[in-house]
Amino acid sequence: MKTLYRKIIGLFKKKSITKYILIYILIIAALVIIFIHMPSFGLNHLLSSFTGALMAIFTSSIYKFIDIYREDYKKINKNLDALITRYSKDEYLKTLEINNSKCEFLYDECLVNNEYELKVEDDPQKMFEVDVIVKNYYLDILKAHTSSYFRNEPTVRLDDYKINGNTVYFYTSRSNYLNHMVTNRAMDYPIRNTASIRALYEYKSKLTPLHQTKMSNHIGINALVFLNDGTFLMPLRSSNATISKRLVTSGIATRLITDDYDEKINEKDIFETPIINALNNKLFFNKIKPDTTIHFLGFGRDIYEGGKPQFYFVVYINNCNSKEYLEIYKKVKKRHAETIDLDRHIFLCKRIKSIENFKLRMEVMPYHILGHRHIRVTAEHSFFCNYYMYKNSNFYNS
Numbered sequence: 002m003k004t005l006y007r008k009i010i011g012l013f014k015k016k017s018i019t020k021y022i023l024i025y026i027l028i029i030a031a032l033v034i035i036f037i038h039m040p041s042f043g044l045n046h047l048l049s050s051f052t053g054a055l056m057a058i059f060t061s062s063i064y065k066f067i068d069i070y071r072e073d074y075k076k077i078n079k080n081l082d083a084l085i086t087r088y089s090k091d092e093y094l095k096t097l098e099i100n101n102s103k104c105e106f107l108y109d110e111c112l113v114n115n116e117y118e119l120k121v122e123d124d125p126q127k128m129f130e131v132d133v134i135v136k137n138y139y140l141d142i143l144k145a146h147t148s149s150y151f152r153n154e155p156t157v158r159l160d161d162y163k164i165n166g167n168t169v170y171f172y173t174s175r176s177n178y179l180n181h182m183v184t185n186r187a188m189d190y191p192i193r194n195t196a197s198i199r200a201l202y203e204y205k206s207k208l209t210p211l212h213q214t215k216m217s218n219h220i221g222i223n224a225l226v227f228l229n230d231g232t233f234l235m236p237l238r239s240s241n242a243t244i245s246k247r248l249v250t251s252g253i254a255t256r257l258i259t260d261d262y263d264e265k266i267n268e269k270d271i272f273e274t275p276i277i278n279a280l281n282n283k284l285f286f287n288k289i290k291p292d293t294t295i296h297f298l299g300f301g302r303d304i305y306e307g308g309k310p311q312f313y314f315v316v317y318i319n320n321c322n323s324k325e326y327l328e329i330y331k332k333v334k335k336r337h338a339e340t341i342d343l344d345r346h347i348f349l350c351k352r353i354k355s356i357e358n359f360k361l362r363m364e365v366m367p368y369h370i371l372g373h374r375h376i377r378v379t380a381e382h383s384f385f386c387n388y389y390m391y392k393n394s395n396f397y398n399s
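Going by the working numbering, the first residue of the sequence shown is number 2, and it counts up by one from there.
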């Protein structure tokens, strides 16, 4: 009981909670004073105005919530049945099974890493340009993202890849984030109510080859991040993310970010540095200088986002367990300055109990004594691709 009492007192010591309690107390106190001192006529007039203001705020909040909820589904069609009628079921339909439950999803598996030697051929001066139709409707398509936070930044585009014996060559160039937002990230947004990016460019049963596609196709970096006791991290996206709003993701789910986009990138810039940077900057492992083991699982193309290339990893943090990470996260958990695809929370998943229709039932480590230990969440499709590649690799159950 003493422990529970201390935990409750600790909650009230948090500045954010205390601030809202004080605001509510002041509002109630002001209303009590008004009720006591104001004549009945003025009071009725004030109450009417107050009720109208509350209704306006409530209606506006509901509209904003619905708009945020609908945005992802309007710009990216996630309906499996609808997409199967367009794309090759034999080629792309995958099934992930966990504990006698399963989830079907679409995924173009391009490469399973079999101890390949990885080579990068980069051309930083080559800049992707959107097709003329997209260029003509550029500003119209950007309206698909009115509830999302983003800004224009350089990106690294995957132009093609080739396998030559035991060596894989990745050919890269440059694009920018706005190009991404009007191609891959707006595949099904209606253009003048008659067409869409998918209907114009990716309407065939198979994806357009990388070297021919009209998509911006910047490289995505995804990694399952395991602590040394088997727990793995699952961030929850914020409501203003450009995709997967309020969905859980792999421990790392970001685009490839480099220090200098004008300089040539190398193998380390894709297969090591972005993982280390994400661990330190997004997951706060810079507090302990993590001892990490990184394995590249392979890469594939995201059907939902028109063939966007996603690179998949599994990462082991050898010098941190779940209790130690909880202490780190409690100290640093706060809202950052606005960043693209911000995470609003990080779950520590002990195990996935079941999966169905992109929903997960998980056993998690609670952050405080009143926290839930079993939760049900929806995951983005890239998480299922990542876990699918991990489950089929030599690292599963290791």
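Glycine included, each C-beta is placed from N, C-alpha and C at the ideal position. Every value quoted in this text rests on a predicted model; they were computed, and no experiment measured them.
Exercise. Can you give the Cα-Cα distance for Thr184 and Lys103, rounded to whole angstroms?
Worked result: Taking the straight line from one Cα to the other gives about 31 Å.
Problem set entry | beta-carbon Arg377 near the ligand GDP non-hydrogen atom, thresh 7 Å | This structure simply doesn't include the ligand GDP, nor any ligand for that matter.
Exercise. What are the residues that DSSP puts in a beta bridge with Pro310?
Worked result: Arg302
Exercise. Hey, is the segment 302-311 in contact with the segment 262-272, meaning 3+ C-beta pairs nearer than 8 Å?
Worked result: Pairwise C-beta distances place the segment 302-311 out of contact with the segment 262-272, as fewer than three of them are shorter than 8 Å.
Exercise. From what residue to what residue does the beta strand (DSSP E) around Glu364 run?
Worked result: Annotation for Glu364: the continuous beta strand (DSSP E) segment containing it runs Lys360 to Val365.
Problem set entry | Chain-order list of residues whose beta-carbon lies under 6 Å from that of Leu361 (same chain, five-residue window excluded) | Shown here for Leu361: same chain residues with a beta carbon closer than 6 Å to its own, the five before and five after excluded, namely Ile353, Val378 and Ala380 in chain order.
Exercise. Quick one: what does DSSP say Glu154 is sitting in, helix, strand or coil?
Worked result: coil
Problem set entry | Residues bridged to Tyr170 (per DSSP) | Lys120 and Lys163
For this session: Indicate whether the contact test is met: 3 or more Cβ pairs, each with one atom in the segment 154-164 and one in the segment 250-266, closer than 8 Å.
Result: A contact exists between the segment 154-164 and the segment 250-266.
Exercise. Taking the DSSP output, what are the residues bridged to Val249?
Worked result: Val249 is bridged to Leu237 and Ala380.
Exercise. Starting from Asp109 and walking both ways along the beta strand (DSSP E), at which residues does that stretch end?
Worked result: Asp109 to Val113
For this session: List the endpoints of the continuous alpha helix (DSSP H) containing Phe285.
Result: Run containing Phe285: none; DSSP gives neither H nor E here.
For this session: Rounded to whole angstroms, what's the CA-CA distance from Thr214 to Lys246? Just pull it up for me.
Result: 27 Å
For this session: Give the DSSP-derived three-state secondary structure of Cys386 in the structure shown.
Result: helix
Problem set entry | Pair within 8 Å by beta-carbon distance, Phe151 and Met182 | yes
Problem set entry | Close-in-space but distant-in-sequence residues of the same chain around Lys125 (CB under 7 Å, 5 per side omitted) | The identity of residue 125 in the sequence shown is Pro, whereas the question assumes Lys. Counting only Cβ-Cβ distances below 7 Å, and skipping sequence neighbours, we find Arg175, Tyr262, Asp263, Glu264 and Lys265.
Problem set entry | Extent of the continuous alpha helix (DSSP H) to which Ala200 belongs | Ile198 to Tyr202
For this session: On a CA-only basis, which of Asn393, Ala279 and Thr232 is nearest Val365? Give me that one, please.
Result: Thr232
Problem set entry | Cα-Cα separation between Thr86 and Lys79, rounded to whole angstroms | 13 Å
Exercise. To the nearest whole angstrom, what separates the beta carbons of Leu225 and Tyr388, a pair I think is in contact under 8 Å?
Worked result: 7 Å
Problem set entry | Buried or exposed by the 16-neighbour rule on C-beta atoms within 10 Å, applied to Ile164 | Around the beta carbon of Ile164, fewer than 16 other beta carbons sit within 10 angstroms, so the residue counts as exposed.
Problem set entry | C-beta atoms of Ile222 and Tyr138 nearer than 8 Å | Against a cut-off of 8 Å, the Cβ pair of Tyr138 and Ile222 comes out as no contact.
Exercise. What is the DSSP secondary structure of Thr214, counted as helix, strand or coil?
Worked result: Three-state DSSP puts Thr214 in coil, outside helix and strand.
Exercise. Roughly how many angstroms separate the alpha carbons of Arg336 and Leu284, rounded to a whole number?
Worked result: Summary for Arg336: the model assigns pLDDT 49, below 50, so the residue's position carries little reliability; its value from the coordinates is reported in the next sentence. If you take the alpha carbons of Arg336 and Leu284, they lie about 13 Å apart.
Problem set entry | Distance, Leu237 Cα to Ile9 Cα | Note that Ile9 scores a pLDDT of 45, beneath 50, so its modelled location is shaky; the value from the coordinates is reported in the next line. Ile9 and Leu237 have their C-alpha atoms spaced approximately 25 Å apart.
Exercise. Should Thr96 be labelled buried (16 or more other beta-carbon atoms within 10 Å of its own) or exposed?
Worked result: exposed
Problem set entry | Collapsed DSSP secondary structure at Tyr64 in the structure displayed | For Tyr64, the pLDDT reaches just 48, beneath the cut-off of 50, and the residue's location in the model is therefore unreliable, leaving the point undetermined.
Exercise. Taking just the CA atoms, how far does Cys111 sit from Asp132?
Worked result: Cα-Cα distance, rounded: 25 Å.
Problem set entry | Enclosing beta strand (DSSP E) for Phe227 [first to last residue] | Gly221 to Phe227
Problem set entry | Boundaries of the beta strand (DSSP E) in which Lys95 is found, first to last residue | Leu94 to Ile99
Exercise. To the nearest angstrom, how far is it from the Cα of Leu140 to the Cα of Tyr204?
Worked result: C-alpha separation (whole angstroms): 23 Å.
For this session: Whole angstroms is fine: what's the gap from Ile276's alpha carbon to Leu81's?
Result: Distance from the CA atom of Ile276 to the CA atom of Leu81, rounded to whole angstroms, is 31 Å.
Exercise. What's the call for Lys324, buried or exposed, on a 16-neighbour Cβ count within 10 Å?
Worked result: exposed
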